[in-house]
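Only one structure is covered here, and it is reproduced in the block below.
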Amino acid sequence: MELTTPGVATLRRDPDQRALGDAETADAALAASGDGRAFERLYRAHVARVHSLVRRMVGPDHADDIAQDVFVRAWTKLATFRGDAAFGTWLHRLAVNVILARRTTLGTERGRYVDSADILDGVAGRAAVPELSMDFEEAIGRLPDGARQVFVLHDVEGYRHEEIADMLGIVAGTSKSQLHHARMALRRHLER
Amino acid sequence: MNDQWTERLSEYLDGELAPAEQTALEAHLPSCDACRTTLDELRRVVTNARALDDRPPAADLWPAVAGRIGLSARARTRPAVRRFSFTVPQLAAASVVLALVSGGGAWLLGRRGTVPKRSDFVSRSTAGLLNASAYPGDARFAAQVADLERAIAQPGRLDTATVRVIARNLRIIDRAIRSAQSALAADPGNSYLNLHLAQEMRRKLELLRQAATLAGARS
């Protein structure tokens, strides 16, 4: 399987990163056998990326809870990790699944995939003065749910539209449209 | 600014336009300042997205995670004894499988005269194993493994469940050893990897010792 996540692609190319990946595969095997310290090492190595993904996908309010859920789920699913891909790739996909499963309880439904740029217009216009303008992360957080999720999965995490469509239960065309609207809104933010 | 190409600029940026559309847009761009400006801004958005730094949570989540999965916050290892609390028939059955899986190696070593006597094994120190980079050429480690495997190779009835448990644990450890070796091949001087490999080798010896001890006590 071709790996499209930027960080994962780096793992494949960089010998040091590849060695690290092998060590993580070993830690994953140890953790699967019940070694809590090995699992803590994996947690320490990946918590920033997982938490950032969660925060960007659902916002900061539930990020801690969902990030915990990701690692709890990972612990219970370690036996299914076979080392075919990097542990980070496996964990990342698992994290996306956990996040998307929580969308329903968080009120983020498929219907939020608006196909109009109008709702996105406000994203760039909330800061009154340039020196107080929000940073790029905050601008992403103000995107509507659908556009934000597609933008994060595509432009930040490197998934393809077909993969995103499959994960979100939409068609690839909707993913492309949401991505473009998100970029256009964030472009206005960069203009200031 | 909004012309027929405005909504297609992201697809162009991502290389997802059909060849004919791409050619048409590229013919349009030199004469359209607005599209060129927008395209440049979209590029900046994508560049910013790819450059985002990951930030850890404000508070360490590990204590909560460890609590939810039944570990202490200091991530203690699950009690290993739980995995080896087998009955005598189970141990006897498992020993047969161990002999089948890896007894061949011990036999070969024995043929070469490199397998130590059992009394020698008891007195051996594992301190030398800290230099893990010698594995698998470390004949002493191989001999210890072979000796222990022979020690627990007692005749008995096969118990499929036990066989699976022990074989699975050995596979896990062997996999960890192989992974560490692979990582060390790329970075031989990595002290963490050396220590990690040494720990896995000791772990295998400990597993075999516990099984041998229990088998010996019950035989």
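Each protein sequence line maps, in turn, to chains A and B.
Heads up, the first sequence is in our numbering, so the first residue is 2 and it goes up one at a time.
Heads up, the second sequence is in our numbering, so the first residue is 648 and it goes up one at a time.
Built from N, CA and C at the ideal position, the CB exists for glycine as well.
- Residue contact with chain A for P666 (chain B): absent (no Cβ-Cβ distance below 8 Å to any residue of chain A).
- Sorting A:L180, A:E25, A:M58 by C-alpha distance to the C-alpha of I100 (chain A) places A:M58 at the top.
- Note that the segment 672 to 681 of chain B does not touch the segment 22 to 38 of chain A; fewer than 3 beta-carbon pairs, one per stretch, sit closer than 8 Å.
- By the Cβ test, the segment 685 to 692 of chain B is not in contact with the segment 49 to 58 of chain A, since fewer than three Cβ pairs between them sit closer than 8 Å.
- Straight through space, the alpha carbons of A140 (chain A) and A832 (chain B) are spaced by roughly 44 Å.
- Secondary structure note for E158 (chain A): it is in no alpha helix (DSSP H), with a DSSP letter that is neither H nor E.
- The DSSP-derived three-state label of C679 (chain B) is coil.
- Taking a beta-carbon distance threshold of 8 Å, A827 (chain B) counts as an interface residue toward chain A.
- Taking the Cβ atoms as the reference, H190 (chain A) lies roughly 13 Å from A148 (chain A), outside the contact range of under 8 Å.
- Per DSSP, the unbroken alpha helix (DSSP H) holding N98 (chain A) starts and ends at 88 to 103.
- When secondary structure is reduced to three states using DSSP, I171 (chain A) falls in the coil class, being assigned neither helix nor strand.
- Looking at A:T26, A:V73, A:A166, the one whose alpha-carbon comes closest to that of F82 (chain A) is A:T26.
- Collapsing the DSSP output to three states places N837 (chain B) in coil.
- Within the segment 37 to 56 of chain A, those residues whose Cβ lies closer than 7 Å to any Cβ of chain B are, in chain order, G37, R38, F40, E41, Y44, V48, A49, R50, H52, S53.
- Among the CB atoms of chain B, one or more fall inside 8 Å of the CB of A68 (chain A).
- Counted as a single uninterrupted DSSP element, the stretch harbouring D701 (chain B) is not any alpha helix (DSSP H), since DSSP gives it neither H nor E.
- When Cβ-Cβ separations below 8 Å define contact, R94 (chain A) makes no contact with chain B.
- Between the C-alpha atoms of W652 (chain B) and G60 (chain A) there is a straight-line separation of about 33 Å.
- Among the CB atoms of chain B, one or more fall inside 8 Å of the CB of H181 (chain A).
- Annotation for Q69 (chain A): the continuous alpha helix (DSSP H) segment containing it runs 64 to 78.
- For R184 (chain A), the chain B residues whose Cβ falls inside 8 Å of its Cβ are S657, L689, V692, V693, in order along the chain.
- Proximity of chain B to R188 (chain A) at the Cβ level (cut-off 8 Å) is accounted for by T685, E688, L689, R691, V692, in chain order.
- For W652 (chain B), there are no C-beta contacts with chain A under 9 Å, since the nearest C-beta of that chain is about 12 Å from it.
- Taking L676 (chain B) as the centre and dropping the five residues before and after it, the same chain places the C-beta of C682, R683 closer than 6 Å to its C-beta, in chain order.
- Among the CB atoms of chain B, none fall inside 8 Å of the CB of T90 (chain A).
- Nearest CB-CB separation between V73 (chain A) and chain B: below the 8 Å threshold.
- In this structure, D65 (chain A) and P704 (chain B) form a Cβ contact; the two beta carbons are roughly 6 Å apart against a cut-off of 8 Å.
- Using beta-carbon distances, V792 (chain B) does not count as an interface residue toward chain A, since no partner is under 8 Å.
- In the DSSP assignment, I716 (chain B) falls outside any alpha helix (DSSP H) and carries neither an H nor an E.
- Note on geometry: alpha-carbon atoms of R42 (chain A) and P145 (chain A) lie some 35 Å from one another.
- Annotated three-state conformation of Q651 (chain B) is coil, per DSSP.
- Cβ atoms of V55 (chain A) and A96 (chain A) come within 8 Å of each other, at about 7 Å.
- In the structure shown, the three-state DSSP call for D794 (chain B) is helix.
- Using a Cβ distance threshold of 8 Å, W709 (chain B) and Y44 (chain A) count as a contacting pair.
- Under the three-state reduction of DSSP, F788 (chain B) is assigned to helix.
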